[in-house]
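In my numbering, the protein residues as written are 68 to 515. Each residue gets a CB set at the ideal place from its N, CA and C atoms; glycine is no exception.
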């Protein structure tokens with residue numbers, strides 16, 4: 068038989084006064100209590116746990132309005148948004164999270180969310196502000212590197228001998244991806260090139276030494292897993308992973324899971340691929356992961372409430388910008404997880420290059436684009452990727468956005484369209500929010 072509690076029982080268990088219990092019900096922190104035949108308030112075990120939860124949050128000095136918002140979301144099973152409310156007050160609740168674990172379970176808080184919070188909370192309140200106590204952040208500011216927008220990929224390599232190194236370059240058979248593959252291979256690396264259409268890639272790679280062609284479709288989770296398993300089965304470490312492949316500007320489409328295609332391909336596909344290849348990256352002991360972002364970060368941030376354009380008209384450029392901001396935030400969150408294993412991550416804006424990426428743009432759009440930008444060569448466009456993947460100038464650094472073969476300057480979010488990275492594209496809080504959402508959307512959890 069289900070346990071039944073009186074208002075006196077609740078007061079005894081929580082230390083709340085009767086007036087406070089009634090007040091919490093009145094303002095909506097709790098659903099209305101049931102009543103006995105003689106009008107006395109009556110509560111069940113879930114009600115008791117909710118009161119305990121609220122009491123613990125109040126002890127952290129979390130504002131009552133935030134607790135009210137959290138409880139309203141929880142009662143409506145909007146668990147993703149519940150997490151965000153907690154994250155807004157991470158410093159206050161860090162010390163409380165371990166105690167809250169059982170309560171979070173009872174309230175059906177999604178497993179991966181509270182496990183991540185629990186893991187972060189073990190660092191303690193002071194370090195929780197930085198989320199990872201071991202993490203040493205790299206300043207988002209130019210070194211300066213001595214290179215520039217006119218530098219080529221071969222120059223950016225800095226004369227390194229990559230003999231014995233293993234690299235994977237998605238989309239490494241066309242445009243700047245092909246140039247990246249060529250420079251890495253000619254420096255001695257073995258380069259695996261995953262391709263959705265191997266027959267097209269085979270011809271492009273025919274004259275480049277030490278390349279291996281594999282099949283991979285980034286919008287197909289089964290294809291991603293199959294490719295990763297094949298690589299892991301080879302037993303080789305992975306020293307360089309360049310998440311280069313991407314799409315831009317297609318008409319509105321969604322993948323089999325219902326996810327908007329640009330976000331699914333450009334971000335979720337690479338999130339899953341990197342997560343699956345994590346054991347090989349750790350095996351390297353000194354790996355680098357490079358994610359291709361773009362100036363698209365200036366177009367749009369991430370709309371966490373409507374990623375898939377279900378509640379707003381589809382705009383292919385907003386969708387592209389959202390996916391490129393995701394690529395940048397992914398590098399921030401990945402670098403925090405990778406640093407203890409010698410894995411460093413970077414986001415790259417390659418510069419303006421007219422490549423196969425623009426295959427879905429109309430002739431009018433291409434003409435307008437040509438009039439707005441000064442395009443660089445593919446040799447120059449691949450330079451920042453190669454620099455981030457190989458150059459010794461970046462030893463011990465990571466989690467930054469790079470362009471023109473250097474770390475970018477941080478500019479305000481309302482800065483005009485141009486050089487520099489916006490705070491919203493490197494914000495650690497947004498990066499963690501995206502990470503948890505990506506885990507939920509893909510069903511893939513990185514085992515750090």
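In the three-state reduction of the DSSP assignment, residue 207 falls in the coil class. Close CB contacts of residue 445 within its chain, under the 8 Å cut and outside five residues either way in sequence, are with 242, 243, 245, 246, 420 and 422 (chain order). Annotated as proximal: residue 474 and residue 212, with beta-carbon spacing under 9 Å. Check the Cα spacing between residue 465 and each of 322, 340 and 405: the tightest is with 405. Looking at 500, 504 and 486, the one whose alpha-carbon comes closest to that of residue 209 is 486.
Taking a C-beta distance under 9 Å as the contact criterion, residue 457 and residue 227 qualify as a contact pair. The three-state reading of DSSP puts residue 288 in helix, counting H, G and I together. Looking at the DSSP output, residue 366 bridges to nothing.
Taking residue 205 as the centre and dropping the five residues before and after it, the same chain places the C-beta of 464, 465, 466 and 467 closer than 7 Å to its C-beta, in chain order.
When DSSP states are grouped into helix, strand and coil, residue 378 belongs to the coil group. For residue 413, the three-state secondary structure derived from DSSP is strand. Residue environment analysis places residue 128 among the exposed positions, since fewer than 16 neighbouring C-beta atoms fall within 10 angstroms of its C-beta.
Exposed is the label assigned to residue 107, since fewer than 16 other Cβ atoms lie within 10 Å of its Cβ. Where residue 443 is concerned, there is no enclosing beta strand (DSSP E), because DSSP gives it neither an H nor an E.
About 4 Å separates the Cβ atoms of residue 395 and residue 360, confirming a contact at the 8 Å cut-off.
One Cα belongs to residue 315, the other to residue 276, and the distance between them is close to 30 Å. For residue 280, the enclosing beta strand (DSSP E) starts and ends at 278-282. In this structure, DSSP gives residue 109 an extended state, which the three-state scheme calls strand.
Between the beta-carbon of residue 341 and that of residue 356 there is about 6 Å, and that keeps the pair under the 8 Å contact cut. A direct Cα-to-Cα measurement between residue 371 and residue 255 gives close to 42 Å. Under the three-pair Cβ rule at 8 Å, the stretch 334-349 counts as touching the stretch 295-305. The Cβ neighbour count for residue 71, taken over all protein chains shown within 10 Å, is under 16; the residue is labelled exposed. By the C-beta density criterion, residue 274 is exposed, having fewer than 16 other C-beta atoms within 10 angstroms.
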